[in-house]
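Going by this note's numbering, the first residue of the sequence shown is number 82, and it counts up by one from there. Ideal Cβ positions, reconstructed from N, Cα and C, are used throughout, including at glycine.
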Amino acid sequence: MSKIGERLPSVATPKTKTEVTGPGTKGVSTQQWVDLLGGLIPAQGVTKTTPASTFAAQALGATTASHPAFGKEVLPSALGPLTDERMARCVTDAYREIFRGDRLPTGPERSKWMDFARKMRADNPKVTADEIRYAIQDQLRLERDGLHVHSKANTDRFIAEAVCWVTRCYEGEERGATDAEMKHWRAFAEDLMKKNPEMTPEALKYAIVDAVRAKVMGTDAITPENIDKYIQDAVKWVTRCYEDGKEREATPAEMKEWRAFAQQQMKENKDISPEDLRLAIVDTMREKMTGTGAATPMNIDKFIDDAVKWVSLCYEGKERRPTAAELGHWRDHARKLMKENPDMKPEELRLALNEAVRVKVTGMDNTGSANIDRFIHDAVKWVTLCYDGHERPATPEELRKWRAFANEKKKENKDISPEELRLAIQDAIRSEKMGTDGPPGENIERFIREAYAWLVQTHYGYVSDRPNGPTQRELTEWAKFARDKLKETPEMTSEDMRHYILDSLRTALANQ
């Protein structure tokens, strides 16, 4: 029998696996992650052999498993109050995570954290095993790092670590705090604690880091020396970013110009903070160097050129310059914008041109028939890539069907924007593909089977001789659980129900 506090061999607990190797197994593919998660991000590099419909093919049979997929049946009752035995495992798992398996809790420690877990359960009977484990982990991390209690030793450690980190980041070489710095920052910490008696050790640590950083960066006070530092730092940064990566110092003429600018800023805003002044210098210098300091004809042409190059690179796959016709069109657009908005800043004009060019190229400027066809083709390509494993354009029959859908949407909402119409078409095509376009009550059993198949796959990897569906009892109880929820929330959609079943089943499995 093991002694209290003795390190024990690892106990196998259910864990979600993304890759399992060995005979008869394969890792979870990109496409299989898409399934049941809604395919929010288009899959990349998906092959024809691993379409998202894999789970549907495995799970949609009418039969049920003869024995549980996870060793014992996973039932909705597992969503109820956690047992002490399960919470004890949460404590053990939290120690393993925080201490990397180097030690397990002693007897008194285990008692302390079991009391902590029981209080969480009493406050919220539906608290999950994961929530308890993460809460214990957070507290253990604070204790491990000395962030659970105030002490002089901890304050000195916060100061030493802050000086090391800030000097490494901002001076290029790490060093320890000097005696004078230790004295200065101890007084700073003491003053902070007097002003904020409820400040946590972690909050104190980061307040010291921020103050040390501000001191090193010159943002602790506005002085002539700090203003010169802001100017030099701004010139270095802007020239490195916007002059072919070649950093340089400010010239005497620039120093004179930006000192005067800083004085003007302080005159206009007597309460300006050092950080605000520093950023004002950086932003204004950047605007001047990038042509956003004034909306001159030359700068407007630059905005147009940059916008067309960026949009063509992103949406046409190849960067190009604007044609003469495009240049004329967007110049007129810029003049119109400035006429309508006399107070428009050059930066706002630049961003407005960027957006207008993007909208034009992506067909988001109108809901005409040509753009509707584009929305349909794009949606079909995306959905087939995600759920069939290979991209294809819309068939003539699909084009007819979804054109009618789009026209109906426009009739229902005369003010629908192109972007809203595009997303409505995409969502409808995806819902049809996933079988979530009908009433939620019609597909409950299918959603349960698909959820089991997905969880088995992520839990074990695919093993051909392992059941990947529910037993009859599991199917019956989860179906009742889902229908009870539907009675409580009749406005649920099929997509809502699908995710509710998956999330509930995943939580029940983790709670066991």
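Local Cβ density within 10 Å of residue i, reported as buried at 16 or more and exposed below that
i	result
residue 232	exposed
residue 174	buried
residue 404	exposed
residue 323	exposed
residue 148	exposed
residue 332	exposed
residue 552	buried
residue 531	buried
residue 286	buried
residue 278	exposed
residue 540	buried
residue 187	exposed
residue 415	buried
residue 503	buried
residue 538	buried
residue 594	Residue 594 lies beyond the residue range present for the chain, which begins at 82 and ends at 593; the question has no answer from this structure.
residue 258	buried
residue 377	exposed
residue 230	exposed
residue 354	exposed
residue 236	buried
residue 379	exposed
Whole-angstrom C-beta distance between residue j and residue i, which should lie under 8 angstroms
i	j	result
residue 359	residue 300	6 angstroms
residue 430	residue 419	7 angstroms
residue 282	residue 228	5 angstroms
residue 461	residue 474	6 angstroms
residue 428	residue 368	6 angstroms
residue 556	residue 151	Contact doesn't hold; Cβ gap of about 14 angstroms is too wide.
residue 179	residue 225	6 angstroms
residue 189	residue 562	Actually they do not touch by this definition, with Cβ atoms about 40 angstroms apart.
residue 163	residue 210	6 angstroms
residue 442	residue 396	5 angstroms
residue 263	residue 240	6 angstroms
residue 159	residue 592	5 angstroms
residue 280	residue 319	Residue 280 to residue 319, Cβ: 38 angstroms. No contact.
Beta bridge counterpart(s) of residue i as assigned by DSSP
i	result
residue 146	552
Any non-hydrogen atom of the ligand MG closer than 7 angstroms to residue i Cβ
i	result
residue 325	The ligand MG is not among the ligands present in this structure, which contains no ligands whatsoever.
For this session: Report yes or no: do three or more beta-carbon pairs, one from the stretch 519-527 and one from the stretch 573-583, lie closer than 8 angstroms?
Result: yes
For this session: May I ask you to verify whether the stretch 247-258 touches the stretch 288-298, counting CB pairs closer than 8 angstroms and requiring at least 3?
Result: yes
Exercise. Are the stretch 379-388 and the stretch 433-444 touching by the rule of at least three beta carbon pairs closer than 8 angstroms?
Worked result: yes
Exercise. With a cut-off of 8 angstroms, do at least 3 Cβ pairs link the stretch 483-495 to the stretch 440-460?
Worked result: Yes, since at least three Cβ pairs between the stretch 483-495 and the stretch 440-460 fall closer than 8 angstroms, the two stretches touch.
For this session: Could you pull out every unbroken alpha helix (DSSP H) segment of at least 4 residues lying fully inside the stretch 321-361, listed in chain order?
Result: 333-349
Exercise. Unbroken alpha helix (DSSP H) runs of length 4 or more, entirely within the stretch 251-308: which are they?
Worked result: 260-276 and 282-298
Exercise. Using 8 angstroms as the Cβ pair cut-off and three pairs as the minimum, do the stretch 165-174 and the stretch 193-209 touch?
Worked result: yes
Exercise. What residue ranges within the stretch 435-480 form continuous alpha helix (DSSP H) runs of no fewer than 4 residues, ordered along the chain?
Worked result: 450-468
Problem set entry | Complete alpha helix (DSSP H) runs within the stretch 369-408 (minimum length 4 residues, chain order) | 378-396
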